[in-house]
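Working notes, beginning with the structure itself.
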Amino acid sequence: MRLERRRYGSHPVRLAGEPPMNDWDDDLPFGLPFTLEEYEQRIARTKAAMAEAGIDLLMVTSPENIYWLTGYRTTGYYVYQIFLLPLDGTPQFVTSKLEHECVRALSWIKTGLTVFMGEDEVAKTLEGFDATEARIERIGYEERGFWLPPRILDAVRGRWGNTATVAAGHVLEDLRRIKSPAEISCLREAARIASVGMRAGLQAVAPGRTENEVAGDVYQALMAEGGEHPAGGPYVVTGPRAAITHMLPERAVIEPGHAVYFEVGGCYKRYSGSNMRMAHVGPPGNEAAHRAATSIEALDAMLETIKPGATSQDIDRAGRSVMARGGTTEEFRHRAGYSMGVAFAPGWGEGLVNDIAEGNERPLEPGMAFHLVPMAGFRGEGNMGFSETVLVSTDGCEVLTDVPRELHIVSAG
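Numbers 337 to 749, taken from my numbering, label the letters of the sequence shown in order.
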C-alpha cells in the first residue's frame, strides 16, 4: 500500500548518512488501524486545542496518546519514546533505534530521530525539538502517568525556562472521551471478544483444576476469536485469594465451596472491552448469594442511571448506595467505573480520560464508554463482583458485553 505523499508522510525517517533499513520508509505495508482522514482529524482537533491553550508544542509520551495520534504501537515502551507535536512545524518521534522500525512501518507520520541504547536521550530529544523547525515558547507535557522521565522535563525547562512548560494532559484526554463511530466499532468488537473469553472461562471451571489452567482456556478463546495482545491478562482467582487486589492466576487449585472471580478483557486495534463474572463451585451459601445479588443490583442501578446529562458522580452514587444497603460499604474499595478505549499494558482502562467516581461532576455525553465495576473484596473469604462495558447512547446506555448477569454454579462433584 502506497501512502499518498502528504505534509508529514513525505519526510523519510532516516538520519544523515544512515542507510535505509528497509524499502518501506514512506509506505504503510500493513495498513493503518483507522483511515488517514481520521488521523488527520485527530491531529487537527489536537492542534485546535493546543492553540486554545496557548501551547506551541505538545510532548506526547503515553503509549495510548501516541497510538491515538499516529498508529504507532509496540510493547517496547519500557524504553524511552516521545512524540513531539508542534502547532506549526514538522512532528518528530524520538524512539530507540530498535523501535523506530515500528514508526517506519506502522505510523502515518514518519519523521523522527533514533536513540541507540546507552546514548543520551536528553540531547536527542532537544535535537528533536529543533527538528520540528517550530517557534517554541510554551510547551505542554503529560503530567499524569509515568511515561515522561523527569530528566527530560528538567532539560526542557533548563533550555526554555520553568515558566515555558505547562501541564497539558487534558488536551488529549478531553479529545479521547467521546469516541468516533470507527472507535465505537472497535469497542464493540473488543467487548464481543471479551464476552467469548468469559463464557469459555466459566465453562472451564471445575474442582481440581488450577487458576492458570482455566486462564489458559480463556486466552485460547480470546485469541481464537480474533483478539489481540490484551492490555491486561484475564484474572481468574479462586477462593480467599480473590480478595487480594489484582491477584494473577497461579497454580492455586479450585476447590468445592470456592467462589471463582473472573475479569476478562478483549482487545481489538488496541481498544478494550471488559467484564467481570463469578462462578461458584457447588451451591452458594446465603452470604455468597446475597453478595452476588447485591453486586448485580448495584450494576443494574448504574445502568439505569446512565444517560446524557447525568454526571459521573451520579452513576457512582447509584451503585454505591446499593452496595451500602447490601452491607458492603467498606468492602467496595474501588471507583465505580472508568473510561474504556485505547489501552496498553498494564491496564485496559482509560482512568486518566474519565472516571465514574464521587466528585466527578462531568456530564455524560453520547459516545462515551465505560467499564462499570461494583465489586467487593472480603478478606479471608474472596471477592464478589459483576461488571459490564457500556456505551452512552442518545437516550441511555448500551451494554456492549454479553454474558448472563448471574452467579454461575458449577458442580462440586
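All C-beta atoms, glycine included, are put in the ideal place defined by N, C-alpha and C.
**OP:** Pull up the distance between the alpha-carbon of residue 483 and that of residue 398, whole angstroms please.
**Re:** 6 Å
Original post:
So what does DSSP say about residue 509, is it helix, strand or coil?
Top reply: helix
Original post:
Okay, do the stretch 594-607 and the stretch 561-572 touch, 3+ Cβ pairs below 8 Å being the bar?
Top reply: With a cut-off of 8 Å, the stretch 561-572 and the stretch 594-607 count as touching, because enough Cβ pairs lie within range.
**OP:** Compute the distance between the beta-carbons of residue 546 and residue 589, then report whether it is under 7 Å.
**Re:** yes
Subject >> Three-state secondary structure (DSSP) of residue 555 >> reply: helix
Original post:
In the structure shown, what three-state DSSP assignment does residue 691 receive?
Top reply: strand
**OP:** Any chance you could list the beta strand (DSSP E) runs of at least 3 consecutive residues sitting entirely within the stretch 464-496, in chain order?
**Re:** 475-477
Subject >> Rounded C-alpha distance that separates residue 538 from residue 531 >> reply: The alpha-carbon atoms of residue 538 and residue 531 are separated by roughly 11 Å.
Subject >> Enclosing alpha helix (DSSP H) for residue 382 [first to last residue] >> reply: 372-389 is the extent of the alpha helix (DSSP H) around residue 382.
Subject >> Own chain partners of residue 570 with C-beta closer than 6 Å, once the 5 adjacent residues on each side are dropped >> reply: Same-chain partners within the cutoff: 551, 554 and 600.
Subject >> Through-space distance from residue 663 to residue 718, alpha-carbon basis >> reply: Taking C-alpha positions only, residue 718 is separated from residue 663 by approximately 16 Å.
**OP:** Whole angstroms is fine: what's the gap from residue 348's alpha carbon to residue 446's?
**Re:** Legend: pLDDT at residue 348 = 39, less than 50; position of this residue unreliable, no value from coordinates given.
Subject >> Three-pair Cβ contact test at 8 Å for the stretch 484-494 versus the stretch 514-533 >> reply: no
Original post:
Nearest-angstrom Cα distance between residue 592 and residue 743?
Top reply: 15 Å
Original post:
Taking buried to mean at least 16 other C-beta atoms within 10 Å of its own C-beta, is residue 455 buried or exposed?
Top reply: Exposed, since its Cβ has fewer than 16 Cβ neighbours within 10 Å.
Subject >> Residue span of the beta strand (DSSP E) that contains residue 571, given as start and end >> reply: 571-574
Original post:
Can you tell me the Cα-Cα spacing of residue 623 and residue 636, whole angstroms?
Top reply: In this model, residue 623 and residue 636 are separated by some 20 Å (Cα to Cα).
Original post:
To which residues does DSSP link residue 418 through a beta bridge?
Top reply: 430
Original post:
Any chance the stretch 705-720 sits against the stretch 672-680, with 3 or more Cβ pairs inside 8 Å?
Top reply: The stretch 705-720, when compared against the stretch 672-680, does touch it at the 8 Å Cβ threshold.
**OP:** Let me know the secondary structure DSSP gives residue 638 once reduced to three states.
**Re:** Note: residue 638 maps to helix in three-state DSSP.
**OP:** Check residue 734 in the structure and name its three-state DSSP category.
**Re:** strand
**OP:** Please name the residue, chosen from 474, 401 and 420, that lies closest to residue 387 on a Cα-to-Cα basis.
**Re:** The candidate whose alpha carbon is nearest that of residue 387 is 474.
**OP:** Using 10 angstroms around the beta-carbon of residue 464, count the other beta-carbons present and answer buried if the total reaches 16, otherwise exposed.
**Re:** Label assigned to residue 464: buried.
Subject >> With 16 other Cβ atoms within 10 Å as the buried cut-off, status of residue 503 >> reply: exposed
Original post:
Near residue 700, what residues of its chain come up, given a Cβ to Cβ distance below 8 Å and the 5 sequence neighbours on each side ignored?
Top reply: 642, 643, 644, 645, 646, 647, 648, 651 and 728
**OP:** Can you grab the Cα-Cα spacing for the pair residue 515 / residue 703, in whole Å?
**Re:** 5 Å
Original post:
Which value, in whole angstroms, describes the spacing of the CA atoms of residue 508 and residue 431?
Top reply: 20 Å
Original post:
Given residue 422, which residues of its chain have a CB within under 6 Å of its CB, disregarding the five upstream and five downstream residues?
Top reply: 393, 468 and 470
**OP:** Note down the Cα distance separating residue 688 from residue 749, rounded to an integer number of angstroms.
**Re:** So the alpha carbons of these two residues sit roughly 45 Å apart.
**OP:** Please determine, among 460, 721, 579 and 382, the residue with the shortest C-alpha to C-alpha distance to residue 714.
**Re:** 579
Original post:
If we call anything under 7 Å between Cβ atoms a contact, is residue 655 one with residue 634?
Top reply: yes
Subject >> Beta-bridge pairing of residue 711 - partner residues as DSSP gives them >> reply: 721
**OP:** Please name the residue in 417, 442, 476 and 383 whose C-alpha comes closest to that of residue 366.
**Re:** 442
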